[in-house]
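>
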Amino acid sequence: MSKLAIIGGIAGVGKTTVLNIFYEKLKAKNVDFETFVYGTLMLEEAQKIGVKDRDEMRNLPYEKQFELQKLAAKRIASSKSSLKVVDTHFHIPTPFGYLPGIPMHVAKILKPTHLFLITAPAEIIIKRRLNDPTRKREIIPLEKVEEEIEYSRMYMISLSNITGALASEVVNEEGKPEATAEELIKRLEL
């Protein structure tokens, strides 16, 4: 049976670092897998309508984001790999409120088997965000970061409820992304 793992985490949690290690470990185990950065797939579709970057895409009207999500999901669902790994966020902050990263219409297309939320202490996330020169990020208070973590948790649990997928939270401790990647492999039973 093939598996589809959705792995999410808020900006600055260290998800990209963990996933890069995770992918290397999958290769070393000769796992037949394919990776999808959900936001990149959405951005490729958004660029067709003139959007320049992810930050601009986040500010699109809900209806546009809804359609971009659906198009990206169809591309992922068409993969024939034994393990499909979707790198995403369980929610997206917009000027209008939080948008589900994987709403029900997308979940029905993807049919995930596993959901993982990568977390870290809010103080560490703020530090990482401030040190990331590749993104335009506003400085937000600790309470807001904690709220983002909690919303991600709620969205993951809701997604688990509607799909039946296993849900897990994995803490990315400072300086230990390898251990976090190992935990993902363990929970996927690979």
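Using our numbering, read the sequence shown as starting at 2 and increasing by one per residue.
Beta carbons: idealized from backbone N, C-alpha and C, even for Gly.
1) Within its chain, find whatever has a CB closer than 7 Å to the CB of Ala168; leave out the 5 residues flanking it on each side and keep chain order.
2) Which residue comes first and which comes last in the alpha helix (DSSP H) that contains Gly10?
3) What would DSSP say about Glu139, mapped onto helix, strand or coil?
4) Considering only residues of the region 38-84, which uninterrupted alpha helix (DSSP H) runs meet the minimum length of 4 residues and lie entirely inside it, listed in chain order?
5) Would you call the region 89-106 in contact with the region 119-132, where contact means no fewer than 3 C-beta pairs closer than 8 Å?
6) Among residues of its own chain, excluding the 5 on either side of Val52, which ones have a beta-carbon nearer than 6 Å to its beta-carbon?
7) Span of the alpha helix (DSSP H) holding Pro178?
8) How is the alpha helix (DSSP H) around Thr18 delimited, first residue to last?
9) Please report the straight-line C-alpha distance between Ile22 and Glu179, rounded to a whole angstrom.
10) Assess contact between the region 61-77 and the region 23-31, defined as three or more Cβ pairs (one per stretch) separated by less than 8 Å. Is contact present?
11) Would you say Ile127 and Val107 are within 7 Å of each other, going by their C-beta atoms?
12) With a 10 Å radius around its C-beta and 16 neighbouring C-beta atoms as the bar for buried, classify Tyr63 as buried or exposed.
13) Is the beta carbon of Glu46 less than 7 Å from the beta carbon of Leu84?
14) For Ala166, report the span of its alpha helix (DSSP H) as first-last.
15) Work out the CA separation of Asp88 and Gln70 for me, nearest whole Å.
Looking at the atomic coordinates:
1) Position 167 of the sequence shown, counted from the first residue, corresponds to residue 168. Non-local C-beta neighbours of Ala168 in its own chain, meaning closer than 7 Å and more than five positions away in sequence, comprise Leu116, Met157, Ile158, Ser161, ordered along the chain.
2) Here the question's residue 10 lines up with position 9 in the sequence shown. Per DSSP, Gly10 belongs to no alpha helix (DSSP H) and is neither H nor E.
3) Within the sequence shown, residue 139 is the residue found at index 138, counting from 1. Of the three classes helix, strand and coil, the one that applies to Glu139 here is coil, per DSSP.
4) 39-48, 55-59, 63-78
5) no
6) Counting from 1 along the sequence shown, the entry for residue 52 is found at position 51. Result list for Val52: Met58, in chain order.
7) Sequence index remark: in the sequence shown, residue 178 carries index 177 (1-based). Start and end: 178-188.
8) Within the sequence shown, residue 18 is the residue found at index 17, counting from 1. Thr18 -> alpha helix (DSSP H) spans 16-29.
9) Here residue 22 refers to the residue found at position 21 when the sequence shown is read from its first residue. Here residue 179 refers to the residue found at position 178 when the sequence shown is read from its first residue. Counting only the Cα atoms, Glu179 lies some 6 Å from Ile22.
10) no
11) Counting from one through the sequence shown, the residue named residue 127 turns up at place 126. Counting from one through the sequence shown, the residue named residue 107 turns up at place 106. Taking 7 Å as the Cβ cut-off, Ile127 and Val107 do not qualify as a contacting pair.
12) Here residue 63 corresponds to residue number 62 of the sequence shown, with the count starting at 1. Exposed, since its Cβ has fewer than 16 Cβ neighbours within 10 Å.
13) Here the question's residue 46 lines up with position 45 in the sequence shown. Here the question's residue 84 lines up with position 83 in the sequence shown. No.
14) Taking the first residue of the sequence shown as 1, we reach residue 166 at position 165. Run containing Ala166: none; DSSP gives neither H nor E here.
15) On the sequence shown, position 69 is the one that residue 70 refers to. On the sequence shown, position 87 is the one that residue 88 refers to. Going from the Cα of Gln70 to the Cα of Asp88 covers about 13 Å.
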